Amino acid sequence: MDNVNLGLSDEMQNHLSKYLTQITSDINHVLDTIERKDCCILNEFEHIHHTFHDLQKTAASYYLNSYLSSYTDRYQALSTAIQHFSERKHGALMVVERNDMLETFLHSGIPVGANLSYALLESIFYPGSPLHDGAVLIKGNTIISAGNVLPLSQQVAGDKKMGTRHRAALGLSEISDAVVLVVSEETGKASFALDGKMYAIHPGGMI
Numbered sequence: 001m002d003n004v005n006l007g008l009s010d011e012m013q014n015h016l017s018k019y020l021t022q023i024t025s026d027i028n029h030v031l032d033t034i035e036r037k038d039c040c041i042l043n044e045f046e047h048i049h050h051t052f053h054d055l056q057k058t059a060a061s062y063y064l065n066s067y068l069s070s071y072t073d074r075y076q077a078l079s080t081a082i083q084h085f086s087e088r089k090h091g092a093l094m095v096v097e098r099n100d101m102l103e104t105f106l107h108s109g110i111p112v113g114a115n116l117s118y119a120l121l122e123s124i125f126y127p128g129s130p131l132h133d134g135a136v137l138i139k140g141n142t143i144i145s146a147g148n149v150l151p152l153s154q155q156v157a158g159d160k161k162m163g164t165r166h167r168a169a170l171g172l173s174e175i176s177d178a179v180v181l182v183v184s185e186e187t188g189k190a191s192f193a194l195d196g197k198m199y200a201i202h203p204g205g206m207i
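The sequence shown begins at 1 in full-length UniProt numbering and counts up one residue at a time.
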């Protein structure tokens, strides 16, 4: 994991603490009622699951900024693009290079060499664009190339629920320190891969 400062701000600490306290209260309520014969606790489990998942996405969105802030100044452009992709269910795959050089892991990319902007990202990943199925490589504040093919993760090869973009994101993150951002064209859900793990984020809540 990174050597960057991953400490939580006071505001985020308070936010997480508030909802973790609520989750603890909900769990205690289930424990108090679990022996009742006339009580179904499935709704309580579903509520706790959704609350925790939402809290996890909030934390992941916060940490994503820490992972990227030392490597690009165009975080807002990435955030805006991801929000638009998610709303429109436009699939996208964006690789942010950090310390490890990535050229040897990527194949068939088309050179771009343009300043990173959400408008350019949206044009690249617009459905029907010749480059929309591949990955964009971002280094610093520059889009280096587009239409790149990434190595697929073999750990999830049999997981039919995981699409090619997500397998590619995990695959590259397993062999490099890159942060790989993904938006699903089926669901519009946004996530990022780091160190061989996938984290869901809030598309409109990247902090």
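C-beta atoms are modelled at their ideal positions from N, C-alpha and C, and glycine is treated no differently. In this text, all values refer to a predicted model and were calculated from it rather than measured experimentally.
Q. The alpha helix (DSSP H) spanning K18 covers which residue range?
A. Within the sequence shown, residue 18 is the residue found at index 18, counting from 1. From DSSP, the alpha helix (DSSP H) with K18 extends over 10-33.
Q. What are the start and end residues of the alpha helix (DSSP H) that includes Y62?
A. Mapped onto the sequence shown, residue 62 falls at position 62. Per DSSP, Y62 is one residue of the alpha helix (DSSP H) stretching across 42-68.
**Q.** Close beta carbons around P203, own chain, < 6 Å, minus the five adjacent residues each side
**A.** By one-based count along the sequence shown, residue 203 stands at place 203. The beta carbon of P203 lies closer than 6 Å to those of I82, Q83, S86, A190 in the same chain, with the five residues before and after it left out.
Q: Measure from the alpha carbon of P127 to the alpha carbon of each residue in N115, A92, P151, then state which is nearest.
A: The sequence position of residue 127 within the sequence shown is 127, counting from 1. Taking only the C-alpha atoms, the option nearest P127 is A92.
**Q.** Span separating the alpha-carbon of H107 from that of L152
**A.** One-based indexing of the sequence shown puts residue 107 at position 107. One-based indexing of the sequence shown puts residue 152 at position 152. H107 and L152: Cα-Cα distance of roughly 12 Å.
Q: Please confirm whether T142 and A114 have their CB atoms less than 9 Å apart.
A: For the purposes of this step, residue 142 is taken as residue 142 along the sequence shown, with counting starting at 1. For the purposes of this step, residue 114 is taken as residue 114 along the sequence shown, with counting starting at 1. Taking 9 Å as the Cβ cut-off, T142 and A114 qualify as a contacting pair.
Q) From S9 to R74, what does the alpha carbon distance come to, in whole angstroms? A) Here residue 9 corresponds to residue number 9 of the sequence shown, with the count starting at 1. Here residue 74 corresponds to residue number 74 of the sequence shown, with the count starting at 1. As the crow flies, the alpha-carbon of S9 is around 21 Å from that of R74.
(Q) Quick test of your reading: K139 and E97, contact by CB under 8 Å. State the CB separation rounded to the nearest angstrom. (A) Stepping through the sequence shown from its first residue, residue 139 is reached at position 139. Stepping through the sequence shown from its first residue, residue 97 is reached at position 97. Confirmed, about 5 Å.
Q.
I'd like the span of the alpha helix (DSSP H) that includes H142, first residue to last.
A. Counted from its first residue, the sequence shown places residue 142 at position 142. Correcting the residue type first, residue 142 is Thr in the shown sequence and not His. First-last for T142: 142-148, but that is the beta strand (DSSP E), not the alpha helix (DSSP H).
Q: Determine the direct distance from the alpha carbon of N99 to that of L16, and round the result to whole angstroms.
A: Within the sequence shown, the letter at position 16 stands for residue 16. Within the sequence shown, the letter at position 99 stands for residue 99. Their backbone Cα atoms lie some 30 Å apart in a straight line.
Q.
If you follow the beta strand (DSSP E) that T181 is in, where does it begin and where does it stop?
A. Taking the first residue of the sequence shown as position 1, residue 181 is located at position 181. This sequence places Leu at residue 181; Thr is not what is there. Element bounds for L181: 179-183.
Q.
Count Cβ pairs between the stretch 129-136 and the stretch 57-72 that sit closer than 8 Å; are there 3 or more?
A. With fewer than three CB-CB distances shorter than 8 Å, the stretch 129-136 does not count as touching the stretch 57-72.
(Q) Here's the rule: buried if 16 or more other CB atoms are within 10 angstroms of the residue's CB, otherwise exposed. What is M94? (A) Along the sequence shown, read from residue 1 onward, the residue named residue 94 stands at position 94. Under this definition M94 is a buried residue.
Q: Apply the 10 Å Cβ neighbour rule to S20 and answer buried if 16 or more other Cβ atoms are within range, or exposed otherwise.
A: Numbered from 1 along the sequence shown, position 20 holds the residue referred to as residue 20. It should be noted that the sequence gives Leu, not Ser, for residue 20. Flag for L20 reads exposed.
Q: Take residue 210 and list the residues in its own chain whose beta-carbon comes closer than 7 Å to its own, dropping the five residues that flank it on each side.
A: No information on residue 210 is available, as it lies outside the stretch 1 to 207 that the chain covers here.
Q: Can you grab the Cα-Cα spacing for the pair T164 / D32, in whole Å?
A: By 1-based counting over the sequence shown, the position of residue 164 is 164. By 1-based counting over the sequence shown, the position of residue 32 is 32. CA-CA distance, T164 to D32, rounds to 44 Å.
Q) What do you get for A168, buried or exposed, if any count of 16 or more other CB atoms within 10 angstroms of its CB means buried? A) Here residue 168 is taken as the residue at index 168 of the sequence shown, counted from 1. Around the beta-carbon of A168, 16 or more other beta-carbon atoms lie within 10 Å, marking it buried.
Q | Residue-level contact to chain B via CB, S153, 9 Å cutoff | A | The structure shown contains no chain B; it holds only a single protein chain.
Q: Identify which residue in G147, F125, S184, V179 has its Cα closest to the Cα of F192.
A: Locating residue 192 in the sequence shown gives position 192, where the first residue counts as 1. Among G147, F125, S184, V179, the Cα nearest to that of F192 belongs to V179.
Q) Just to confirm, are K89 and A200 a CB contact at a threshold of 9 Å? A) The residue you call residue 89 lines up with position 89 of the sequence shown. The residue you call residue 200 lines up with position 200 of the sequence shown. Inclusion of K89 and A200 in the CB contact set at 9 Å is not warranted, their separation being larger than that value.
Q: Let me know the secondary structure DSSP gives H107 once reduced to three states.
A: In the sequence shown, residue 107 corresponds to position 107, counting from 1. It is a strand residue.
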